[in-house]
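Start counting the sequence shown at 1; every next residue gets the next number (full-length UniProt numbering).
Ideal Cβ placement from N, Cα and C applies to all residues, glycine included.
The structure under discussion appears below in the form of structure tokens.
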Amino acid sequence: MASESPEGTVIKLVGAPEESVSSQVERRGGAERKARAAAPTAAGTGSVGTAPCDPNGLGRRPSAPRPSRARPRLHLARDQVGLRRCSTESECRTRAIPPQATQLSLDILLRVRSHLFPLLVSILILVAFLQWEEVPTHQHQVVATQELEATQELEATQELEATLPLAAIPVPHSQGEPHPILEAKGLEPHQVEQAFLAIRSHPHSLMVGAQHRSHYLVGGFPGGPMPSQYPGGQSPYPSQPASMTQGTQGTIQPAANFDAMRDAEILRKAMKGFGTDEQAIVDVVASRSNDQRQKIKAAFKTMYGKDLIRDLKSELSGNMEELILALFMPPTYYDAWSLQNAMKGAGTQERVLIEILCTRTNQEIREIVRCYQSEFGRDLEKDIRSDTSGHFERLLVSMCQGNRDENQNVNHQLAQEDAQRLYQAGEGRLGTDESCFNMILATRSFPQLKATMEAYSRMANRDLLSSVGREFSGNVESGLKTILQCALNRPAFFAERLYYSMKGAGTDDSTLVRIVVARSEIDLVQIKQMFSQMYQKTLGTMIASDTSGDYRRLLLAIVGQ
């Protein structure tokens with residue numbers, strides 16, 4: 001405790017708690033005021049209620065000078081909530097850096113590091129990429145050297161061709177085998193060996209005999225293996241044999257002793273009651289032509305007053321339903337429906353547009369355009385323009401006209417001129433004249449285009465397909481290549497499409513169904529033959545390994561497996 005002295009000072013007892021400076025000042029001021037009020041007046045008598053020493057009698061005492069007091073020193077410290085006043089310097093130091101401030105600084109450092117780390121990684125990746133870009137420079141130089149050597153070798157070969165009648169020289173089976181014709185020319189052995197090497201190195205650029213060229217065409221397209229437009233690498237693309245061009249054959253033929261009402265009754269029983277007899281449906285549908293299926297559909301409605309297609313939809317599902325419905329569509333309607341479905345909704349299935357418009361005959365395309373308008377109330381050309389663009393749009397619009405020359409006679413002079421135009425529009429200039437390619441490939445007949453491809457290969461020392469791949473890209477490249485592939489071998493084109501629809505993980509069932517159904521009465525027999533020749537396995541074997549159930553049974557029945 002503390003007591004007051006007569007002078008009004010505060011005496012602090014030993015052991016009492018220490019008070020702040022401000023508290024001591026306040027206590028001392030109060031004691032002084034009390035002392036002044038209790039002291040007797042020094043002069044005069046005043047009335048009651050008036051303060052002493054009031055010469056004017058106004059009831060107020062005169063002001064007296066206040067004793068000077070030392071103001072306490074103000075200490076401020078900043079903590080996590082702002083500035084606060086402290087009574088002592090030690091308290092300020094204690095508050096200055098609290099533990100929360102240390103944690104806050106650590107959080108800031110972690111955030112800075114989290115932003116700097118991706119930046120450093122990006123810089124390292126950029127540096128590595130720039131260093132990697134510098135590596136292929138030597139490789140490009142090596143490739144350029146190899147191309148120069150190949151060009152020099154080709155020039156030497158052409159000079160050798162000019163001095164020797166190579167067109168009359170058959171190619172021996174072994175390089176070291178003596179050749180009587182060359183020996184009769186008086187050539188040295190090393191010159192004979194050079195001639196053989198030249199023939200083997202450039203079979204497409206030298207006229208080495210019709211027998212040798214035809215054998216080369218069977219193994220692949222002139223000038224090298226045809227670059228495939230599908231992923232997975234290159235595949236052999238044989239030329240269509242002469243026997244195959246004389247006529248085509250489908251795997252489905254009209255059934256003998258056909259009775260539409262009897263078949264309608266079989267289908268009704270297969271779908272009546274609990275469950276569905278899919279095998280009965282497969283037996284009927286797979287052995288009837290499309291025209292006979294249309295008669296079955298009409299007989300079903302006449303006999304039972306029900307729509308056969310609607311009943312089939314209610315009984316089937318998945319790929320089996322899609323395949324059955326496709327078989328009951330007329331061919332022209334099926335193509336028109338496929339085109340409409342490819343452009344319906346968000347996105348466009350460009351491969352479907354290419355597959356149909358670039359492979360059909362003039363009559364088929366004109367019927368598709370009319371059916372599209374009558375069934376869907378839309379103009380096919382307008383829909384194509386709204387869903388495609390650029391040179392791909394122009395190519396498809398050209399195909400929609402159905403004005404390709406279908407004369408089977410070949411004009412070899414025109415083929416040579418077209419080959420020259422195509423070379424000057426592509427490989428022979430900087431940039432590409434797309435209109436020239438569009439005009440020739442969209443108007444010439446397929447036999448004429450085949451002759452043009454052969455002339456181009458002789459003139460440019462590379463096949464036209466590879467030139468298209470070098471000059472174009474994307475959908476327009478796929479469209480132009482499809483036209484050239486169909487000119488060379490249409491069944492091989494569809495065989496390749498079927499192969500890549502089943503190759504790898506998963507199956508492109510829409511493509512598989514569309515090609516099998518559309519070609520089942522046209523050239524599916526030839527497609528099967530080309531499939532076996534190109535991939536060393538049968539089409540039925542690959543279908544059996546990639547499908548299952550009733551869907552597999554119906555597909556195998558259609559392909560005749």
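- The residues 475 and 476, in chain order, have a CB closer than 6 Å to that of residue 392 in the same chain once the five nearest residues on each side in sequence are set aside.
- Excluding its 5 nearest sequence neighbours in each direction, residue 286 has C-beta neighbours in its own chain below 7 Å: 554, 557 and 558, listed in chain order.
- It is roughly 7 Å from the alpha-carbon of residue 315 to the alpha-carbon of residue 276.
- Bounds of the alpha helix (DSSP H) holding residue 532 are 524-535.
- If you draw a straight line from the Cα of residue 439 to the Cα of residue 270, it comes to about 53 Å.
- Residue 471 counts as buried, since at least 16 other C-beta atoms from the protein chains shown sit within 10 angstroms of its C-beta.
- Burial check for residue 482: the Cβ neighbour count within 10 Å reaches 16 or more, so the residue is buried.
- In this structure, 262 is the residue among 289, 511 and 262 with its C-alpha nearest to the C-alpha of residue 299.
- Looking from the CA of residue 402, the closest CA among 389, 516 and 445 belongs to 445.
- Taken through DSSP and simplified to helix, strand or coil, residue 559 comes out as helix.
- When the alpha-carbon of residue 505 is set against those of 363, 305, 545 and 491, the nearest one is in 545.
- Residue 529 sits buried, since 16 or more C-beta atoms from the chains shown fall within 10 Å of its C-beta.
- The C-beta distance from residue 551 to residue 319 rounds to 5 Å, short enough to meet the 8 Å contact threshold.
- Cβ-Cβ separation between residue 511 and residue 520: approximately 15 Å, too far for a contact (criterion under 8 Å).
- About 7 Å separates the beta carbon of residue 526 from that of residue 249, a gap short enough to meet the 8 Å contact definition.
- Just so you know, the alpha carbons of residue 302 and residue 259 end up roughly 14 Å apart.
- In the structure shown, residue 331 falls within a helical segment according to DSSP collapsed to helix, strand and coil.
- Within its own chain, the residues whose Cβ lies closer than 7 Å to the Cβ of residue 450, once the five positions on either side in sequence are excluded, are 487 and 488, listed in chain order.
- Here residue 375 is exposed, its C-beta having fewer than 16 other C-beta atoms within 10 Å.
- In the same chain as residue 311, and ignoring 5 residues on each side of it, the C-beta atoms closer than 6 Å to its own belong to 271, in chain order.
- The region 329-345 and the region 363-377 touch, with three or more beta-carbon pairs separated by less than 8 Å.
- For the options 126, 265, 458 and 395, the alpha carbon positioned closest to that of residue 358 is the one of 395.
- DSSP, read as helix, strand or coil, puts residue 319 in helix.
- The beta carbons of residue 490 and residue 355 sit no closer together than 8 Å.
- Per DSSP, residue 521 lies in no alpha helix (DSSP H) and is assigned neither H nor E.
- With a 10 Å radius around the Cβ and a threshold of 16 neighbouring Cβ atoms, residue 426 comes out buried.
- Rounded to whole angstroms, the separation of the alpha carbons of residue 344 and residue 256 is 40 Å.
- A distance below 6 Å between beta-carbons, with the five flanking residues on each side excluded, links residue 408 to the following residues of its chain, in chain order: 447.
- Between residue 309 and the set 279, 547, 348 and 264, the nearest pair of CA atoms involves 264.
- Membership of residue 475 in the alpha helix (DSSP H) is indicated by the continuous run 474-502.
- Annotation: the continuous alpha helix (DSSP H) that includes residue 299 extends over 290-304.
- Short of 6 Å from the beta carbon of residue 531, and not among the five residues preceding or following it, lie these beta carbons of its own chain, in chain order: 495 and 539.
- Taking each of 436, 331 and 441 in turn and checking the Cα distance to residue 371, the smallest one comes out for 331.
- With a beta-carbon spacing of about 14 Å, residue 507 and residue 541 fall beyond the 8 Å limit used to define contacts.
- The beta carbon of residue 340 lies closer than 7 Å to those of 372 and 376 in the same chain, with the five residues before and after it left out.
- For residue 418, the CB contacts under 6 Å within the same chain, skipping 5 residues up- and downstream, are 440 and 452 in chain order.
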